[in-house]
Amino acid sequence: MTRAALLVLADGRFPAGGHAHSGGAEAAVKAGRITDPASLEEFCRGRLHTAGLIAGALAAAAVLGADPRALDAAADARTPSPALRTAARRLGRQLLRAARTTWPCAELDALAREFPKGAHQPVVLGLAARAAGLTPGDAAHCAVYESVSGPATATVRLLGLDPFDATAVLARLAPELDRVADAAVEAARSVAAEGVDALPAVSAPLLEVMAQAHAAWPVRLFAS
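Per this note's numbering, residue 10 is the first one in the sequence shown, and the count goes up by one each step.
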């Protein structure tokens with residue numbers, strides 16, 4: 010295992026397509042729910058403890074060798090919004106393309122054959138981390154960080170927010186991010202004995218509702 014591989018996987022310049030997605034921030038900005046650094050922080054905190062926790066647990070479970078098909082079905086069950094399921098699979102397909110080139114292995118090839126239209130992004134992320142020799146904690150940290158870094162980055166474009174302020178939001182959330190990643194790994198370790206029902210199933214109904222509305226917008230800056 011090389012820790013530098015984590016930097017490659019988590020780098021915003023890794024060609025996984027995340028730059029095209031705002032993590033719900035575009036709809037939240039239009040609705041007036043994100044207007045400044047303080048409201049951005051609250052939005053990101055909500056995502057961290059819901060979507061971030063689920064993504065982190067799925068990714069960690071994939072590193073630990075859980076069945077990708079069962080994990081993908083679990084991700085589907087925890088994503089009520091069809092728009093978000095579509096976005097997650099689109100991101101998963103793009104990430105898988107990048108990962109197969111970066112860390113070629115039979116496991117990633119098999120995932121591509123099993124899910125030609127894309128598996129859920131956190132599942133792919135976990136298998137990519139596994140191929141790169143990373144730990145469940147590494148994968149969980151990468152997933153939970155993505156859950157908040159996407160919205161923070163998007164608001165710089167959407168609101169003209171000072172990038173220093175957006176980055177400061179992420180720094181303030183860092184201790185919570187560590188705790189959420191640890192909780193995600195703990196849940197993932199239960200999958201071997203208890204199955205995917207051991208994974209977190211926390212919900213964020215407003216994110217789901219806003220995602221459906223956002224998908225119908227005739228003009229938007231971000232795909233989700």
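We treat Cβ as the ideally placed atom computed from N, Cα and C, and that holds for glycine. All values reported here derive from a predicted model rather than from experimental measurement.
Ranked by Cα distance from residue 113, the first of 130, 136, 96 is 136. Scanning its chain for C-beta atoms nearer than 6 Å, with the 5 sequence neighbours on each side dropped, one finds around residue 200 the residues 70, 75, 207, in chain order.
For the 8 Å CB-CB criterion, residue 183 and residue 162 do not form a contact. Residue 125 carries a coil assignment under DSSP once its states are collapsed to helix, strand and coil. Within 10 angstroms of the beta-carbon of residue 124 lie 16 or more other beta-carbons, which makes it buried. Looking only at 82, 51, 67, 203, the smallest Cα-Cα distance to residue 145 is reached by 67. Around the beta carbon of residue 87, 16 or more other beta carbons sit within 10 angstroms, so the residue counts as buried. With respect to the 8 Å criterion, residue 27 and residue 156 are not classified as neighbours on the basis of their beta carbons. In the displayed model, residue 45 falls within coil according to three-state DSSP, outside both helix and strand.
Short of 8 Å from the beta carbon of residue 220, and not among the five residues preceding or following it, lie these beta carbons of its own chain, in chain order: 33, 36, 90, 92, 93, 96, 233. If you look at residue 173, you'll find it in the alpha helix (DSSP H) that goes 172 to 198. Taking all protein chains shown into account, residue 186 has 16 or more neighbouring C-beta atoms within 10 Å of its C-beta and is therefore buried. The beta-carbon distance between residue 131 and residue 115, rounded to whole angstroms, is 21 Å. This is too long to meet the 8 Å contact definition. Fully contained in the stretch 206 to 231 are the following alpha helix (DSSP H) runs of length 4 or more, in chain order: 214 to 224. For residue 40, the secondary structure class from DSSP, reduced to helix, strand or coil, is coil.
The three-state reading of DSSP puts residue 143 in coil, since its state is none of H, G, I, E or B. Annotation: residue 54 to residue 120 spans about 32 Å, alpha carbon to alpha carbon. Within the model, the alpha-carbon separation for residue 180 versus residue 215 is close to 25 Å. Judged by their CB atoms, residue 170 and residue 133 are not nearer to each other than the 8 Å cut-off.
Between residue 49 and residue 160 the beta-carbon gap is near 7 Å, inside 8 Å, which marks them as a contact. Going by C-alpha positions, residue 16 is about 31 Å away from residue 223. In the structure shown, the three-state DSSP call for residue 30 is coil.
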